[in-house]
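Chains as they are written, first to last, in our numbering: chain A, 1 to 437; chain G, 1001 to 1437; chain C, 2001 to 2437; chain Z, 3001 to 3437.
Note that the Cβ used here is the ideal one computed from N, Cα and C, for glycine as well.
As structure tokens, the structure follows; a few thoughts come after it.
4 protein chains.
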Amino acid sequence: MSRWTNIIEDLLSRVSDIGNTILANSDADSIKLSLSEKCQALLSNVGEATGLARSREILDDYKRLDKTEQLAFFQQIYANFGVDEDLLRQTVNEWLKHPDKIESRKIHTISEPLSQELIRRLNLSYGGTAALVKMREDLLEHIKTDLSLAALDKDFQHLFTSWFNNGFLRLERISWSTPATILEKIIAYEAVHEIQGWDELRLRVAAHDRRLYAFFHPSLSDEPLIFVEVALTGDMPNNISSILSGDRQTLDPHLASTAVFYSISNCQTGLRGISFGNFLIKQVVEELKRELPDLNRFVTMSPVPGLRRWIDSKPALATNLQSLVDKLTPLTKKPDDTFIEKNQQGLYQLAAHYLLEAKHHKGEPYDPVSKFHLGNGARLEQINLWADESKRGFTGSWGIMVNYEYDLSSIEINHEHFVREGIISTSPSVKRLYKNS
Amino acid sequence: MSRWTNIIEDLLSRVSDIGNTILANSDADSIKLSLSEKCQALLSNVGEATGLARSREILDDYKRLDKTEQLAFFQQIYANFGVDEDLLRQTVNEWLKHPDKIESRKIHTISEPLSQELIRRLNLSYGGTAALVKMREDLLEHIKTDLSLAALDKDFQHLFTSWFNNGFLRLERISWSTPATILEKIIAYEAVHEIQGWDELRLRVAAHDRRLYAFFHPSLSDEPLIFVEVALTGDMPNNISSILSGDRQTLDPHLASTAVFYSISNCQTGLRGISFGNFLIKQVVEELKRELPDLNRFVTMSPVPGLRRWIDSKPALATNLQSLVDKLTPLTKKPDDTFIEKNQQGLYQLAAHYLLEAKHHKGEPYDPVSKFHLGNGARLEQINLWADESKRGFTGSWGIMVNYEYDLSSIEINHEHFVREGIISTSPSVKRLYKNS
Amino acid sequence: MSRWTNIIEDLLSRVSDIGNTILANSDADSIKLSLSEKCQALLSNVGEATGLARSREILDDYKRLDKTEQLAFFQQIYANFGVDEDLLRQTVNEWLKHPDKIESRKIHTISEPLSQELIRRLNLSYGGTAALVKMREDLLEHIKTDLSLAALDKDFQHLFTSWFNNGFLRLERISWSTPATILEKIIAYEAVHEIQGWDELRLRVAAHDRRLYAFFHPSLSDEPLIFVEVALTGDMPNNISSILSGDRQTLDPHLASTAVFYSISNCQTGLRGISFGNFLIKQVVEELKRELPDLNRFVTMSPVPGLRRWIDSKPALATNLQSLVDKLTPLTKKPDDTFIEKNQQGLYQLAAHYLLEAKHHKGEPYDPVSKFHLGNGARLEQINLWADESKRGFTGSWGIMVNYEYDLSSIEINHEHFVREGIISTSPSVKRLYKNS
Amino acid sequence: MSRWTNIIEDLLSRVSDIGNTILANSDADSIKLSLSEKCQALLSNVGEATGLARSREILDDYKRLDKTEQLAFFQQIYANFGVDEDLLRQTVNEWLKHPDKIESRKIHTISEPLSQELIRRLNLSYGGTAALVKMREDLLEHIKTDLSLAALDKDFQHLFTSWFNNGFLRLERISWSTPATILEKIIAYEAVHEIQGWDELRLRVAAHDRRLYAFFHPSLSDEPLIFVEVALTGDMPNNISSILSGDRQTLDPHLASTAVFYSISNCQTGLRGISFGNFLIKQVVEELKRELPDLNRFVTMSPVPGLRRWIDSKPALATNLQSLVDKLTPLTKKPDDTFIEKNQQGLYQLAAHYLLEAKHHKGEPYDPVSKFHLGNGARLEQINLWADESKRGFTGSWGIMVNYEYDLSSIEINHEHFVREGIISTSPSVKRLYKNS
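Given below as structure tokens:
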């Protein structure tokens, strides 16, 4: 090949570059067009040599899209970066005919949608992971409009499950020595018991008898993925305000017998469905036992967010429970002592009935918090009345809260029984309440 | 369900535990059995609650296997953790009939072999990634014995490509301030120009005009994945000894115009086929330009390891080249000046001919080093005779070495031309040698 | 010496230990006694072998003293740990007689009060430096009651000057990534323009055009010694509110031409008189020039805290100035435009007159801020009216503020002239105001 | 003062600057002159404003001096930066007359030689401390030539004692993860049992049953001040080769009962006389006890470097010992078993006699190692024959080594007895040997 051909080739290539630039600078519609084209170009790079710059460019372009453009972008990716169906048809036909000659594993390889490889390549550049988590956050929104995009989300979910594998996560204690950049995110992300500013945060991370642990991923270094707040106490608590109170007596952690997990918050909407919670609790238990060998109980102080929702969804309850519910419904705050005395037992039974009976059609517990802890192998230990007098607590469950216990010696068995047979590990006292309900 | 049932269930479960323990402690064959069973158990954990401990246990057990047991283990995994073929058959049949109702993406999901999920779960525990990289190193050995295991290796390769994505890697400069644990690995892993002990290492990392950069992965924190050694020089060098020499004059790096990549070594056998090299060079170029803005050339000093192997594999060459080869073959060291003067031009032409003509049947360059740099978009810049007088250099290519140039303005175009059309970017001088050959 | 003697000696020694313990546990007076005794014991340790534990113990005991006990403690130290006067008398007499035989340096060694060695030994244990800084803070209080203790303070001052030598200090940028433990101290220590909580702090450390630098000492790792706040601006500002305002436009720091030092705060009362300020400003200027080479002006935005105090202390001013002062005195806030227009020129002249004429009897500037910056070699650059409308600003100087300029090319000469001859480097515009006053 | 005066002053000042520059660039003699002048200038800076640059300059100039110039420099400093004797004479005369009016402390302040302030100011700039330590190393050399400089050295010693106070030191474990820059210094500084290269170093820092701890100072961050090497063993050893051997069995540190300090090396000649050793051992003991609570003995494996030197210095010994010495003197290596059997007891007694009897005229032990450990409160525990067969060991003490024991319960009492009364804490077995000698 002569040198001139080379030069002419070069010129042509440069012209195409200029073309791309022109496209990139034209109106919104063509940006989208060009973004999809850039994705095509990124995928066609056999040697990945230029992938770094291109993936950066695509992610930067994406950031500038408005909501309408985003939707169009996802739809294009879904439509254009699917499976090579001709090749797949040919392969499965061969396989059906000659299952001995063709490995079924080959079908897996061939049926991988291009979108998966696209996402992997978008992750090439520094900061790619964070951008992709944000991108999935947007995608989850757009699925509400266009259900077909749920199939595209599977790709994200598949890769994120692999990338955010527990082996890659780093448990860190958040303390008053943590940089403010991260502390302000804790304030923002706390989803269970709101943190009202820095002074309240200080109570939760700087007090000697409080702990806060978070999971981090090396590629999202300033972003906690999930965190749990822990109180070190002398006994298993029966209400939340004794834990959150600002003017309580601080306990020497070496005198504590019990660690109370009183709040767990997921931080990244874009990682919805990628579960870290069970690993977090288990690693925190290990960490705490290492630091404070005298701790012997690990319990939660958990809300019962589904109770009233479940009652509202039911046409009717058993007579005795229904009449109690009728009395409870008008309440907006903790009633007087007479009311309590008269209805206390009923309320305990109602809660026990709900926690042990209310199920989704697949047999899973109706209550999401209950499902989470039982699935981790915890035991339903104690029901607490008037334990959360906040508006949210009252609206969700008339202030009822529950302690789940993580008993290390039975956690594995509980988990197996729960997952395989739906058996809920329950303390004798709650069992009794349930039987009488 | 009564409390007694619970207790009896517990007892039964504990008995099974004891059973497992007994199995685990019996002879080699049953360890393998039990390992495979443990893998089964790890996969059957719906909630992943106990996965952490179990994955740790499996990886620990694996470490104790001897070579024969390893082979049996891999064969069992391959045989037992494949695709659910019944479900796959049913799904593809449906899809073939109703391609509009069933998404082809669904076939991908269904055809995933269990072994992939197994590997993902083995990665749950701390240290899992390192153990899996080691495991694949073993697997690559066993494939030589049992070719069918190559299909299992695809799973490792697939996941490692995702996990060792460039976005997760961290470029670090290795210097004399680097911990000795890592420095001794550099000595051990250097694969191109051996490092003979600490004093020689010092020359390569502590001299002002030398650099060494490595890629690290957050889950393999003390293990470099790949590294490149760089010399900062005034000119493009034409032999390797001027770079490696211990008693050369050190150059003030701010006066250097040229960065010479004179050695690239992959460190982890278990990551074979997962490519980092092109990203490494590109990030090092960026890093060097940031630190030393006056650098204006980025070239390699590369061996030509395939030259003599290629000649040996050819029945015959063109007459003039063949007669030269006949004269070269008996040589064991650099010949005298008369010989050189007479044959110099021919030798240049032989090298140019090889570099531009010698291909594998797929059209790729025969020379692996050439293929790597050309694939990255580098230009074949200069051929150097008697440039490496070491035994290895002489045995591979009569001491011929090549400079490839990474010219940032043309790297992308070179890459495109090379990948799409097999065009090799070549300097005018090398082109001339080739034409005359 | 027989073994028995040994044993008896041991017993005696243990008895004395018990004695000490008894003393230590008796009433307040004896604690003081015992503290002083412990100091004696610490000093008498020739080999320093047990000094570590003893110094820790003394510092712990000290912490428990109340104010009265502290005063007694300092008085005892002053009285009992002075100079060995007999030895000194003997030595100086010899020296006076034979100045050739005795080195005058020897007198220095002999006249060192024991209190200096005591302080050095109290610094042996980890945390000693912090405890001694706190101790001096107390001592400074007690000097107000008992002036003789000023001589004891000289020992602290002498050693602190040595220990807090600039060569041991570490300049650090405080940013939003700084641990909260340190950030909350910045809020607490800011002495010039109060920081009202975390949101205001964020404006001063996290905005792209704001900087905060502090000096740290390795033995007081979580305690800033002094810090300076910097605004990066397009021009030299003429009022403080434009700098502190929360809703201002943020400037790209690379477009800034001017760095404004708008607040300097000393943090440790116990380090009073140990000067860091001039080094801080100089190192920050170096740091800023390295990061942002386009910065070309370094000025302050400084209060004039002594103006009104000085006027109040004077029996009378020149007629024209006095009549202006009479009009200004009743003002409690910025007057109306008519007033300003009429008196503006006079006010400028009053300020210029004060800054160039008002001196302490030793010839130093009356204004402490002025003295500080002029002593550092800065130039009196610009006088700004109504520049600080806060209560403090109005009370101190009717809102007048001053820009001092750190002009690197003349800083050294300015300093020499100022220190040797009292010459104040002044901009032409301020000179003109002064001449007309 | 008119503006012109200002300008003329400026001009004059600049002329003097030019003058300085001219001086600085002239011949060697004038460099020294100018250096001393620069020191004068540094001291005359009342406000210290320009001290930073000036101190840097002086230290840089100093580095370029040759040995002759250095001597001249120190002599000038000694001569020119002494005490203000006129002022001192006046003050002491007043004090002698009116001791009630003048504080003796004032004499201390007035008699401080300028050289002390000079050294403090030389420490202003970054890197100043390291340069001053190096400077004192030179000074110690020059004292051998000019004894009067010992008085100047007192200033260095005084300030270094203050700066290198234990409270400022940082204990660090040196391991195989330590940067190579520091590790190579350990190799270089080891003064007791030489480390022959990196492989031997690895044995001492990377083996599970070996430890190496060093003291660092924040201003000399890459330079260890002193380090100690520790072996964790099952028993108190009786020879050094079992500790240094490369092919010994490694012990699980949790099974060790004894920590053996087998080598202590001072690293900085410029810090001679500033003692860290006793603090180092004590902090290492604390550190080891925290990590390995089962350790219950802390002993040394120490040479007896003064034994033969002492014998040589004596005109005669007691007859029995003398005849033994006569037999030992011709030996160049460990003699045969017959010799050993016959003389063993005598050799033990000779060693015991030396360790308990050989004193300097001030009553201190003759053996420097013995003096160090006894001064720290250790007990003379065991004498070991043929314990060090190296040339150095044989030349110094016919291979005899000693275990000193750091018994935490008696360390303080031992120290007191030793320092106050010269009593050497001795084990019964050594006592018996001594009595029989």
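Whole alpha helix (DSSP H) elements within the region 1253-1332 of chain G, 4-residue minimum: 1277-1291, 1307-1313 and 1319-1328
query: Counting only runs that start and end within the region 2068-2100 of chain C, where is the beta strand (DSSP E) found for 3 or more residues in a row?
result: For the region 2068-2100 of chain C, not a single whole beta strand (DSSP E) run of length 3 or above is found.
message: Please identify the residue among Z:Lys3435, Z:Asp3199 and Z:Phe3279 whose C-alpha is closest to the C-alpha of Tyr3354 of chain Z.
response: Position 354 of the fourth sequence, counting from 1, holds the residue named residue 3354 of chain Z. Of the listed residues, the one whose Cα sits closest to Tyr3354 of chain Z is Z:Lys3435.
- prompt: Just checking my contact of Thr1109 of chain G with Lys154 of chain A at CB under 8 angstroms: how many whole Å lie between their CB atoms?
  reply: The residue given as residue 1109 of chain G occupies position 109 in the second sequence. The residue given as residue 154 of chain A occupies position 154 in the first sequence. 7 angstroms between Cβ atoms; contact.
- prompt: When the cut-off is 9 angstroms and only beta carbons count, does Ser2177 of chain C lie next to chain A?
  reply: By 1-based counting over the third sequence, the position of residue 2177 of chain C is 177. Yes, its Cβ sits closer than 9 angstroms to a Cβ of chain A.
- prompt: Who are the neighbours of Tyr1126 of chain G on chain A, taking C-beta pairs under 7 angstroms?
  reply: The residue you call residue 1126 of chain G lines up with position 126 of the second sequence. Result: Gly167.
- request: Return yes when the Cβ of Ala378 of chain A is within less than 9 angstroms of the Cβ of Asp407 of chain A, no when it is not.
  value: Locating residue 407 of chain A in the first sequence gives position 407, where the first residue counts as 1. Locating residue 378 of chain A in the first sequence gives position 378, where the first residue counts as 1. The answer is yes: Cβ separation under 9 angstroms.
message: Quick check: the region 272-286 of chain A against the region 202-209 of chain A, are at least 3 beta-carbon pairs closer than 8 angstroms?
response: no
- prompt: Which term fits Asn323 of chain A, buried or exposed, when burial requires 16 or more other beta carbons within 10 angstroms of its beta carbon?
  reply: Within the first sequence, residue 323 of chain A is the residue found at index 323, counting from 1. Here the sequence assigns Ser to residue 323 of chain A, which means Asn is not the residue at that position. With fewer than 16 other Cβ atoms within 10 Å, it is exposed.
task: Quick one: grab the DSSP three-state call for Met1236 of chain G.
output: Taking the first residue of the second sequence as position 1, residue 1236 of chain G is located at position 236. Met1236 of chain G falls in the coil class under three-state DSSP.
message: With a threshold of 9 angstroms between beta-carbons, can Arg2202 of chain C be considered close to chain A, or not?
response: Reading the third sequence from its first residue, position 202 is the one you call residue 2202 of chain C. Closer than 9 angstroms: yes.
- request: In angstroms with no decimal places, state the Cα-to-Cα distance between Asp100 of chain A and Ala1150 of chain G.
  value: The residue given as residue 100 of chain A occupies position 100 in the first sequence. The residue given as residue 1150 of chain G occupies position 150 in the second sequence. C-alpha separation (whole angstroms): 16 angstroms.
- request: Give the interface partners of Ala3180 of chain Z over in chain G, defined as CB-CB distance under 9 angstroms, in chain order.
  value: Here residue 3180 of chain Z refers to the residue found at position 180 when the fourth sequence is read from its first residue. Ordered by position in chain G, the residues that pass the 9 angstroms Cβ test against Ala3180 of chain Z are Ser1175, Trp1176, Ser1177, Thr1178, Pro1179, Ala1180, Leu1183, Trp1198, Leu1201, Arg1202, Val1205 and Ala1206.
field: DSSP three-state assignment for Arg2248 of chain C, whether helix, strand or coil
entry: Against the third sequence, residue 2248 of chain C aligns to sequence position 248. If DSSP states are grouped into helix, strand and coil, Arg2248 of chain C belongs with coil.
query: So which residues of chain A does Phe1279 of chain G contact, with C-beta pairs closer than 7 angstroms?
result: Position 279 of the second sequence, counted from the first residue, corresponds to residue 1279 of chain G. Those are Leu52, listed as they occur along chain A.
task: Quickly, what does DSSP pair Pro2224 of chain C with across the bridge? List them, please.
output: Reading the third sequence from its first residue, position 224 is the one you call residue 2224 of chain C. Pro2224 of chain C is not bridged to any residue.
Contacts around Leu3295 of chain Z, its chain only, beta-carbon distance under 8 angstroms, and the 5 residues preceding and following it disregarded: As a first step, residue 3295 of chain Z is located in the fourth sequence; it is residue number 295 there, counting from the start. Counting only Cβ-Cβ distances below 8 angstroms, and skipping sequence neighbours, we find Leu3232, Ala3256, Ser3257, Thr3258, Ala3259, Leu3288 and Lys3289.
task: Could you pull out every residue in the same chain whose Cβ sits closer than 7 angstroms to the Cβ of Leu3122 of chain Z, ignoring the five residues on either side in sequence?
output: Start at 1 with the first residue of the fourth sequence, and residue 3122 of chain Z comes out as number 122. Counting only Cβ-Cβ distances below 7 angstroms, and skipping sequence neighbours, we find Ser3055, Ile3058, Leu3059, Gly3128 and Leu3132.
Backbone secondary structure at Leu3059 of chain Z - three-state DSSP: For the purposes of this step, residue 3059 of chain Z is identified with residue 59 of the fourth sequence, where counting begins at 1. Of the three classes helix, strand and coil, the one that applies to Leu3059 of chain Z here is helix, per DSSP.
message: Using 8 angstroms as the cut-off, can you tell me whether the region 212-229 of chain A makes contact with the region 166-176 of chain A, which would need three or more C-beta pairs spanning the two stretches below that distance?
response: Contact between the region 212-229 of chain A and the region 166-176 of chain A is present, because at least three Cβ pairs lie under 8 angstroms.
message: At the 9 angstroms Cβ level, is Thr2300 of chain C part of the contact set with chain Z, yes or no?
response: Position 300 of the third sequence, counting from 1, holds the residue named residue 2300 of chain C. For Thr2300 of chain C, the answer is no, since every Cβ of chain Z falls outside 9 angstroms of its Cβ.
query: Using a beta-carbon distance below 9 angstroms, is Arg1105 of chain G in contact with chain E?
result: The displayed structure is made up of protein chains A, G, C and Z, and chain E is not among them.
field: Coil, strand or helix - Val205 of chain A by DSSP
entry: Within the first sequence, residue 205 of chain A is the residue found at index 205, counting from 1. DSSP places Val205 of chain A in the helix class (H, G or I) of the three-state scheme.
message: Residues of the region 2373-2388 of chain C in Cβ contact with chain Z at a cutoff of 7 angstroms, in chain order, please.
response: Gly2375, Asn2376 and Gly2377
task: On a CA-only basis, which of A:Arg297, A:Cys267 and A:Asp388 is nearest Ala191 of chain A? Give me that one, please.
output: Looking up residue 191 of chain A in the first sequence gives position 191. Nearest option by C-alpha distance: A:Cys267.
task: Could you check the C-alpha separation between Gly3019 of chain Z and Gln3076 of chain Z for me, to the nearest Å?
output: To locate residue 3019 of chain Z, count along the fourth sequence from 1; it is residue 19. To locate residue 3076 of chain Z, count along the fourth sequence from 1; it is residue 76. Low local confidence applies: a pLDDT of 33 at Gly3019 of chain Z is under 50, so the model's placement there is unreliable, with the coordinate-based value given in what follows. Each residue's Cα considered, the two are about 21 angstroms apart.
Where Asn384 of chain A falls, given that 16 or more other Cβ within 10 Å makes a residue buried: For this step, residue 384 of chain A is matched to residue 384 along the first sequence. Buried, because 16 or more other Cβ atoms sit within 10 Å of the Cβ of Asn384 of chain A.
message: Considering only DSSP beta bridges, list what Tyr2404 of chain C is partnered with.
response: On the third sequence, residue 2404 of chain C is found 404 positions in, with the first residue counted as 1. Looking at the DSSP assignment, Tyr2404 of chain C forms a beta bridge with C:Leu2380.
message: Along the chain, where does the beta strand (DSSP E) containing Glu1442 of chain G start, and where does it finish?
response: This structure gives no information on residue 1442 of chain G, because the portion of chain G shown stretches from 1001 to 1437.
query: When you compare each of C:Phe2279, C:Thr2269, C:Met2236 and C:Asp2247 to Tyr2262 of chain C by their alpha carbons, which one comes out closest?
result: What you label residue 2262 of chain C is simply residue 262 of the third sequence in a count that begins at 1. Comparing C-alpha distances from Tyr2262 of chain C to each of C:Phe2279, C:Thr2269, C:Met2236 and C:Asp2247 shows the shortest one belongs to C:Met2236.
message: Given this structure, state the Cα-to-Cα distance separating Lys1333 of chain G from Lys1327 of chain G, to the nearest angstrom.
response: As a first step, residue 1333 of chain G is located in the second sequence; it is residue number 333 there, counting from the start. As a first step, residue 1327 of chain G is located in the second sequence; it is residue number 327 there, counting from the start. Annotation: Lys1333 of chain G to Lys1327 of chain G spans about 13 angstroms, alpha carbon to alpha carbon.
task: Kindly say whether Pro2315 of chain C, judged by its beta-carbon, lies nearer than 9 angstroms to any beta-carbon of chain Z.
output: For the purposes of this step, residue 2315 of chain C is taken as residue 315 along the third sequence, with counting starting at 1. By this cut-off, Pro2315 of chain C is not an interface position.
- request: Assign Ala2420 of chain C to buried or exposed, taking buried as 16 or more other Cβ atoms, counted over all protein chains shown, within 10 Å of its Cβ.
  value: Residue numbering aside, residue 2420 of chain C sits at position 420 when the third sequence is read from its first letter. First, the amino acid is wrong: residue 2420 of chain C is Arg here, not Ala. Classification of Arg2420 of chain C: exposed, given that the 10 Å Cβ count is below 16.
field: Reference Ile3411 of chain Z, options Z:Tyr3078, Z:Glu3341 and Z:Gly3375, closest by Cα
entry: The residue labelled residue 3411 of chain Z in the question sits at position 411 within the fourth sequence. If we check each option's Cα against that of Ile3411 of chain Z, Z:Gly3375 comes out closest.
message: When you compare the CB positions of Leu3114 of chain Z and Leu3043 of chain Z, do they come within less than 9 angstroms of one another, or not?
response: Along the fourth sequence, one-based indexing puts residue 3114 of chain Z at 114. Along the fourth sequence, one-based indexing puts residue 3043 of chain Z at 43. Contact: yes.
message: Taking the straight line between their C-alpha atoms, what separation do you get for Asn343 of chain A and Pro335 of chain A?
response: Residue 343 of chain A sits at position 343 when you count from the first residue of the first sequence. Residue 335 of chain A sits at position 335 when you count from the first residue of the first sequence. Straight-line Cα distance between these residues: approximately 10 angstroms.
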